[in-house]
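Enquirer: Read left to right, the sequence shown gives residues 1 to 314 (this note's numbering).
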Amino acid sequence: MKISLAPLQGYTDWVFRQTYEKCIGGIDEFYTPFLVLQNTGVVRTSHKREVEPFLERNNKLVPQFLGGSVEEFQFFESYFYDLGYKKMNWNLGCPFPMLTRKQKGSGLLPYPDKVKEILEKAYCGKIDLSIKMRLGLEDESDIIPVLDAIKDIAVDEIIVHPRIGKQMYKGSADWDLFEQTQQQFTKLLAFNGDIETLEDFKSLVSRFPDLKHVMIGRGILRDYWLPAKIKGGEIPSASERKTILRKMHDEMFSSYSSFLSGDTQILQKIKPFWEYFSAHFEDERKVHKRIKKSGGLRKYQDAVSFAFQQDIKE
Numbered sequence: 001m002k003i004s005l006a007p008l009q010g011y012t013d014w015v016f017r018q019t020y021e022k023c024i025g026g027i028d029e030f031y032t033p034f035l036v037l038q039n040t041g042v043v044r045t046s047h048k049r050e051v052e053p054f055l056e057r058n059n060k061l062v063p064q065f066l067g068g069s070v071e072e073f074q075f076f077e078s079y080f081y082d083l084g085y086k087k088m089n090w091n092l093g094c095p096f097p098m099l100t101r102k103q104k105g106s107g108l109l110p111y112p113d114k115v116k117e118i119l120e121k122a123y124c125g126k127i128d129l130s131i132k133m134r135l136g137l138e139d140e141s142d143i144i145p146v147l148d149a150i151k152d153i154a155v156d157e158i159i160v161h162p163r164i165g166k167q168m169y170k171g172s173a174d175w176d177l178f179e180q181t182q183q184q185f186t187k188l189l190a191f192n193g194d195i196e197t198l199e200d201f202k203s204l205v206s207r208f209p210d211l212k213h214v215m216i217g218r219g220i221l222r223d224y225w226l227p228a229k230i231k232g233g234e235i236p237s238a239s240e241r242k243t244i245l246r247k248m249h250d251e252m253f254s255s256y257s258s259f260l261s262g263d264t265q266i267l268q269k270i271k272p273f274w275e276y277f278s279a280h281f282e283d284e285r286k287v288h289k290r291i292k293k294s295g296g297l298r299k300y301q302d303a304v305s306f307a308f309q310q311d312i313k314e
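Structure follows, in structure tokens:
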């Protein structure tokens, strides 16, 4: 069973991934938040950081891109190939309206012929291709014509998030519809969506024993040791986990401080992590509240010190 970290914009960037791998480990594959091609035909600097740091370029990292044209697909296949990657992932799941209106992300799913045309005209097979997709944009049946259209194309893997784009992240991932999709498509399907705990994972695998890959996002952000629990690994004691969490925070803070300009940018980047990071503490709400209310680096550091005086969840 492969356990991968889902790409979450604003959270699972290269700083987080490198720090997590160094301090905790246990994830088999990391996916970058999606890269996009600007109207000027270049990749923005912040996106380049996701794929170009030499320290992170290894077999565990899969770069993801978002595009709705032959030209965009061709650009990213060549770009990732030139950087030395062995795999890439095409995002057909992003639900944000500003992108779906442009027939990108899940906005491409109602157009199976266009998906097929892009793949047939653009994909050269330089590196392995996986596709991350939802069930549809507004109709959960969109996925079946798409899968049928690409069944003869050399796609390595389909990662299915069983929601529709219109849902955004509301409601629950639909296991029944995932099962229907699995029954109608013979290629390898992976599962993504709402695996928050070890119990969730066990329930999923009990229902879908043939799964070979589960992608987890917020569940790992709320419990950094979830992959270790799934694999039956040894979990550090509460005091050891507190030390590791402090090290993770401090290294991430140092990394962001090295390239972001000024206190405001640093805090705008680091504070949102505490929405999930605080879940590691017994008094989660109090910890998160102190972090959110802190203004300026000094008050933020005081809030961090307060957090690490609290007990860690058992």
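Virtual Cβ for every residue (Gly too), placed ideally from N, Cα, C.
The structure displayed is predicted, hence computed values, not measured ones.
Taking the C-alpha atoms as reference points, what is the distance between Y276 and G217?
Expert: Distance between the alpha carbons of Y276 and G217 is about 11 Å.
Enquirer: Does DSSP put L119 in a helix, in a strand, or in coil?
Expert: Residue state, collapsed to three classes: helix.
Enquirer: Less than 6 Å between C-beta atoms, sequence neighbours within five positions excluded: which residues of the same chain meet that for D139?
Expert: No residues qualify anywhere along the chain.
Enquirer: Using the three-state DSSP reduction, which class does L66 fall into: helix, strand or coil?
Expert: In the structure shown, L66 sits in coil (DSSP, three-state: anything other than H, G, I, E or B).
Enquirer: Between G67 and the rest of its own chain, which residues show a CB-CB distance below 6 Å, the 5 nearest in sequence each way excluded?
Expert: F73, listed in sequence order.
Enquirer: Does the beta-carbon distance from F281 to A307 come in below 8 Å?
Expert: Their beta carbons are under 8 Å apart, which means F281 touches A307 by this criterion.
Enquirer: Taking the C-alpha atoms as reference points, what is the distance between I27 and I230?
Expert: Spanning the two alpha carbons is a distance of roughly 11 Å.
Enquirer: DSSP on S130, reduced to helix/strand/coil?
Expert: The answer is strand: DSSP assigns S130 an E or B state.
Enquirer: According to DSSP, simplified to helix, strand and coil, what is V160?
Expert: Here V160 sits in strand by DSSP.
Enquirer: Tell me the rounded alpha-carbon separation between E71 and Y123.
Expert: C-alpha separation (whole angstroms): 10 Å.
Enquirer: Let's test the definition: count the other Cβ atoms within 10 Å of the Cβ of R285 and tell me whether it reaches 16, buried, or not, exposed.
Expert: Exposed, by the Cβ-count rule.
Enquirer: If K116 and I150 are in contact, beta carbons under 8 Å, what's the gap, nearest whole angstrom?
Expert: The Cβ separation is near 6 Å, so the contact holds.
Enquirer: G10 by DSSP, collapsed to three states: which one?
Expert: Residue state, collapsed to three classes: coil.
Enquirer: With a threshold of 16 other CB atoms inside 10 Å of the CB of K170, please say whether the residue is buried or exposed.
Expert: K170 should be labelled exposed.
Enquirer: Please list the terminal residues of the continuous alpha helix (DSSP H) segment that includes H288.
Expert: Looking at the DSSP string, the run of the alpha helix (DSSP H) that includes H288 is E284 to K293.
Enquirer: In terms of residues, what are the limits of the beta strand (DSSP E) holding S4?
Expert: From DSSP, the beta strand (DSSP E) with S4 extends over K2 to L5.
Enquirer: With the cut-off set at 8 Å, would you say K86 and I127 are in Cβ contact?
Expert: Going by C-beta atoms, K86 is nearer than 8 Å to I127.
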